[in-house]
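> Please read through the structure below; I'll follow up with questions.
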Amino acid sequence: MSCFPVPYRITSGRTICIVDLPLPRRRDTIEAGELSHRMTPTEARQQTRILVQAAAQACIDKKGEETRILELDPIDSGLSDFFLVTSASNDRQSVAIADEIEHKLKKEFGAYPNSVEGRRKGEWILLDYVDFVVHVFLAERRAFYDIERLRKSARPLTPIEFDAELKAALTEKTLRLRLLLLSRRSRQP
Numbered sequence: 001m002s003c004f005p006v007p008y009r010i011t012s013g014r015t016i017c018i019v020d021l022p023l024p025r026r027r028d029t030i031e032a033g034e035l036s037h038r039m040t041p042t043e044a045r046q047q048t049r050i051l052v053q054a055a056a057q058a059c060i061d062k063k064g065e066e067t068r069i070l071e072l073d074p075i076d077s078g079l080s081d082f083f084l085v086t087s088a089s090n091d092r093q094s095v096a097i098a099d100e101i102e103h104k105l106k107k108e109f110g111a112y113p114n115s116v117e118g119r120r121k122g123e124w125i126l127l128d129y130v131d132f133v134v135h136v137f138l139a140e141r142r143a144f145y146d147i148e149r150l151r152k153s154a155r156p157l158t159p160i161e162f163d164a165e166l167k168a169a170l171t172e173k174t175l176r177l178r179l180l181l182l183s184r185r186s187r188q189p
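Mapping the sequence shown onto the numbering used here, position 8 (from 1) lands on 8, and the numbers just tick up by one.
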C-alpha cells in the first residue's frame, strides 16, 4: 500500500498516511445502535442566523450602506434561507466588504463560501454560503437590479431587527434547556 503525503504540508522525516495513524479510542467511537448527534433543522437555522448576523456586522464595520437581510420564503427560496444585501459607494469598497465578510466567517466560524462571483469587477459580488447568499452591490447596480423587488415574498429585516430575533430565539432555547435540567435534577434521588 502506498502512502500519499498531505497536500501543501511540509513534512520532515517520514511521510504520514492513514495507515500510520493510531486507531480511535473506544470512547470516541459510536456504539452499535447509538445515534450520532446531528443538528436539528431548528439548530441548523439558528447556526445560519448567527453566520448571517456576523456577515451583516462585517458589512457595517466596512461602512456598507443600506444593509438588509431578506428572510426567504421556504417554498420560493429552494436552496438558500437568507439573502444579505448591502451597497458600496465604489468598487474598492465592495471588494473590501466582501473580503471582510469572508475573513470574519472563516476566522470566527471556519465557514468558507461555496462560490464567489464578481470579485474582479466589484460591481456585484456574490458570496454563496449555501444556506445564505451575500450580495455586495455598487449603489447604482443595486438600484438597477432591485433584488429586493425580485424577492417579493421575502421578509426584509435590518441587522438590528434580525439581531433581536436571534437573541430572542437563543434566550428561549436557553430557558428550555435550563427547565429540562431542573426537571432532571428534581427526579434524581
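By construction, the Cβ of each residue, glycine as well, lies at the ideal position given by its N, Cα and C atoms. Just so we're clear, the structure is a prediction, and the values are computed from it rather than from any experiment.
Can you tell me the Cα-Cα spacing of LYS167 and VAL52, whole angstroms?
Position 167 of the sequence shown holds residue 167. Position 52 of the sequence shown holds residue 52. The C-alpha of VAL52 is placed about 13 Å away from the C-alpha of LYS167.
> What span of residues does the alpha helix (DSSP H) with ASP61 cover, start to end?
Locating residue 61 in the sequence shown gives position 61, counting from the first residue. Per DSSP, ASP61 is one residue of the alpha helix (DSSP H) stretching across 41 to 61.
> Compare the C-alpha of ILE160 against each of SER186, VAL133, VAL116, ARG49 and name the closest.
Taking the first residue of the sequence shown as 1, we reach residue 160 at position 160. Ranking the options by Cα distance to ILE160, first place goes to ARG49.
> Let's test the definition: count the other Cβ atoms within 10 Å of the Cβ of HIS103 and tell me whether it reaches 16, buried, or not, exposed.
Locating residue 103 in the sequence shown gives position 103, counting from the first residue. Exposed.
> Would the segment 111 to 128 and the segment 56 to 68 be scored as touching if the rule is three or more Cβ pairs under 8 Å?
no
> Helix, strand or coil for ASP128? Go by DSSP, reduced to three states.
As a working mapping, residue 128 is identified with position 128 in the sequence shown. Note: ASP128 maps to strand in three-state DSSP.
> For GLY78, count the other beta carbons within 10 Å of its own beta carbon; 16 or more makes it buried, fewer makes it exposed. Which is it?
Working through the sequence shown from its first residue, we reach residue 78 at position 78. It counts as exposed.
> Taking buried to mean at least 16 other C-beta atoms within 10 Å of its own C-beta, is GLU71 buried or exposed?
For the purposes of this step, residue 71 is taken as residue 71 along the sequence shown, with counting starting at 1. Under this definition GLU71 is a buried residue.
> By Cβ distance below 6 Å, which residues in the same chain neighbour GLU100 in space, the five residues on each side in sequence not counted?
Against the sequence shown, residue 100 aligns to sequence position 100. Only ALA58, LYS62 meet the Cβ criterion.
> If you draw a straight line from the C-alpha of GLU148 to the C-alpha of PRO156, how long is it?
The residue labelled residue 148 in the question sits at position 148 within the sequence shown. The residue labelled residue 156 in the question sits at position 156 within the sequence shown. GLU148 and PRO156: Cα-Cα distance of roughly 8 Å.
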